[in-house]
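Data first, discussion second: the structure below is written as structure tokens.
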Amino acid sequence: DDETAYNPNHLTRFTFSGVTALARGTREALQEHGVAWAISDILPYTQQTDFFHTSNEVSFHPDCPNAEADNIGGVISFCSMDAHFSLFTALGVDVVELSGNHNNDYGFDAYRRTLEMFRENDIATVGGGETLQAARQPFVVTHHQNTVALIACNWAGPDIALVNENAGRPGAAYCDMAWLNEVIPELALTYDVVIVSVQYQEVEQHTPTERQRLDFRTLASLGADAVIGTQAHKPQTFEFFTDNAHQAFIHYGLGNLFFDQEFWGNRRFFMDTLYIYQGRLLTVDLFTGIIEEQARPRPMTPEEQVTFLQFMFIQQNGF
Numbered sequence: 013d014d015e016t017a018y019n020p021n022h023l024t025r026f027t028f029s030g031v032t033a034l035a036r037g038t039r040e041a042l043q044e045h046g047v048a049w050a051i052s053d054i055l056p057y058t059q060q061t062d063f064f065h066t067s068n069e070v071s072f073h074p075d076c077p078n079a080e081a082d083n084i085g086g087v088i089s090f091c092s093m094d095a096h097f098s099l100f101t102a103l104g105v106d107v108v109e110l111s112g113n114h115n116n117d118y119g120f121d122a123y124r125r126t127l128e129m130f131r132e133n134d135i136a137t138v139g140g141g142e143t144l145q146a147a148r149q150p151f152v153v154t155h156h157q158n159t160v161a162l163i164a165c166n167w168a169g170p171d172i173a174l175v176n177e178n179a180g181r182p183g184a185a186y187c188d189m190a191w192l193n194e195v196i197p198e199l200a201l202t203y204d205v206v207i208v209s210v211q212y213q214e215v216e217q218h219t220p221t222e223r224q225r226l227d228f229r230t231l232a233s234l235g236a237d238a239v240i241g242t243q244a245h246k247p248q249t250f251e252f253f254t255d256n257a258h259q260a261f262i263h264y265g266l267g268n269l270f271f272d273q274e275f276w277g278n279r280r281f282f283m284d285t286l287y288i289y290q291g292r293l294l295t296v297d298l299f300t301g302i303i304e305e306q307a308r309p310r311p312m313t314p315e316e317q318v319t320f321l322q323f324m325f326i327q328q329n330g331f
């Protein structure tokens, strides 16, 4: 009967990717090969989805890479070149998360200017902004009769990366539990699906720390349908977590999408597509990829995927 027949007009696909840092080796590779080369292998996948997200950790500076005069982030500081901004528009990014810890590395003017660049290109931002209210503002979509709310925050600091109204500084929204305790249940009452993405403390491992597991599960228990870690440079494990009949998808870390780290784990990543159907999170599709030449993510081959997923399941005692 018609009630049970699948209706594509009730489906919303929301794809999440991890760290985008168009800096250092990645910036040099983009200079050499160009944006079209960098995105060519994942473009067919990102074009299929309804909403595409990435977490951009690096602000654009007009003088990058010769902007040292404005460096306030210290020895490990990152800036991106204006010439590479088109990567976001060409990939079809709909929402950029700004919960990262490097967005203020080259000063607050670079941050504000980058915000304006996203705005001018109709790319929404979440998890960071000019003011605390802006940084905490949910990204809300109504699509095919599904309503989805996304919030993002930074649990790890440093202070220089966080929005600070007293000091007139833009930046990331801190994962303040008083705020999250209030806002997640509110959003859960208002919207069909609530997603929380988190810049957590980075760890050099594929499994979450006990503290991370506890914190992410707390967000799920508050009413989030999906909790996604965008901090990870190495992809982390995932789980379906149930609390009082409320089930949530938790992915502790997606890994890098664009970054120059050459280690085995740091070149491998997930993109998660949440399939939202008739107002609920129905399933999650895990895209597995590998970054080539510091700036060109591509899908894994079937063999690579089997090896990688087997490795990930062993990490969480899945086998």
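Sequential numbering of the sequence shown, starting at 13, is according to our numbering.
Built from N, CA and C at the ideal position, the CB exists for glycine as well.
Against chain D, with Cβ distances strictly below 8 Å, would residue i count as a contact?
| i | result |
| --- | --- |
| residue 190 | No chain D is present in this structure, which holds just one protein chain. |
Using the C-alpha atoms, what's the distance from residue j back to residue i?
| i | j | result |
| --- | --- | --- |
| residue 170 | residue 112 | 10 Å |
| residue 197 | residue 42 | 42 Å |
| residue 8 | residue 126 | Because the chain is modelled from 13 through 331, residue 8 falls outside the range shown and cannot be assessed. |
| residue 276 | residue 133 | 34 Å |
| residue 283 | residue 39 | 22 Å |
| residue 73 | residue 93 | 6 Å |
| residue 292 | residue 84 | 43 Å |
| residue 310 | residue 300 | 9 Å |
| residue 53 | residue 289 | 28 Å |
| residue 331 | residue 313 | At residue 331, the pLDDT of 46 sits below 50, so the modelled position is not reliable; the number obtained from the coordinates is stated separately. Roughly 22 Å between the two C-alpha positions. |
| residue 25 | residue 61 | 5 Å |
| residue 141 | residue 203 | 23 Å |
By Cβ distance, which residues of its chain are closer than 8 Å to residue i, with the 5 residues on each side in sequence left out?
| i | result |
| --- | --- |
| residue 102 | 47, 48, 51, 55 |
| residue 205 | 158, 159, 160, 161, 237, 238, 286, 288, 291, 292, 293 |
Should residue i be counted as a contact of the ligand FAD given a C-beta to heavy atom distance under 7 Å?
| i | result |
| --- | --- |
| residue 88 | Absence of the ligand FAD from the depicted structure is noted, as is the absence of any ligand whatsoever, leaving it without description. |
Taking 7 Å as the limit between beta carbons, can you name the residues of its chain near residue i, skipping five residues before and five after?
| i | result |
| --- | --- |
| residue 316 | 302 |
| residue 327 | 218, 219, 249 |
Taking Cβ positions, are residue i and residue j nearer each other than 8 Å?
| i | j | result |
| --- | --- | --- |
| residue 123 | residue 182 | yes |
| residue 250 | residue 263 | yes |
| residue 69 | residue 27 | no |
| residue 7 | residue 226 | Coverage of the chain is limited to positions 13 through 331, which leaves residue 7 absent and any answer about it impossible. |
| residue 185 | residue 139 | yes |
| residue 325 | residue 30 | no |
Considering just the uninterrupted stretch of the beta strand (DSSP E) at residue i, what are its terminal residues?
| i | result |
| --- | --- |
| residue 181 | Premise fails: residue 181 is in no beta strand (DSSP E) and is neither H nor E. |
| residue 86 | From DSSP, residue 86 is part of no beta strand (DSSP E); its letter is neither H nor E. |
| residue 211 | 205-211 |
| residue 120 | Element bounds for residue 120: not the beta strand (DSSP E) but the alpha helix (DSSP H), 120-132. |
For the alpha helix (DSSP H) containing residue i, name the first residue and the last one.
| i | result |
| --- | --- |
| residue 196 | 189-202 |
| residue 21 | Counting along the chain, residue 21 falls outside any alpha helix (DSSP H), and DSSP gives it neither H nor E. |
| residue 368 | In the structure displayed, the chain extends from 13 to 331; residue 368 sits before or after that span and is not available. |
| residue 314 | 314-327 |
| residue 233 | 222-233 |
| residue 168 | Element bounds for residue 168: n/a, residue is neither H nor E. |
Could you pull out every residue in the same chain whose Cβ sits closer than 6 Å to the Cβ of residue i, ignoring the five residues on either side in sequence?
| i | result |
| --- | --- |
| residue 208 | 163, 231, 236, 239 |
* With a cut-off of 8 Å, do at least 3 Cβ pairs link the region 91-108 to the region 186-194? -> no
* Asked: Using 8 Å as the Cβ pair cut-off and three pairs as the minimum, do the region 146-157 and the region 84-101 touch?
  -> no
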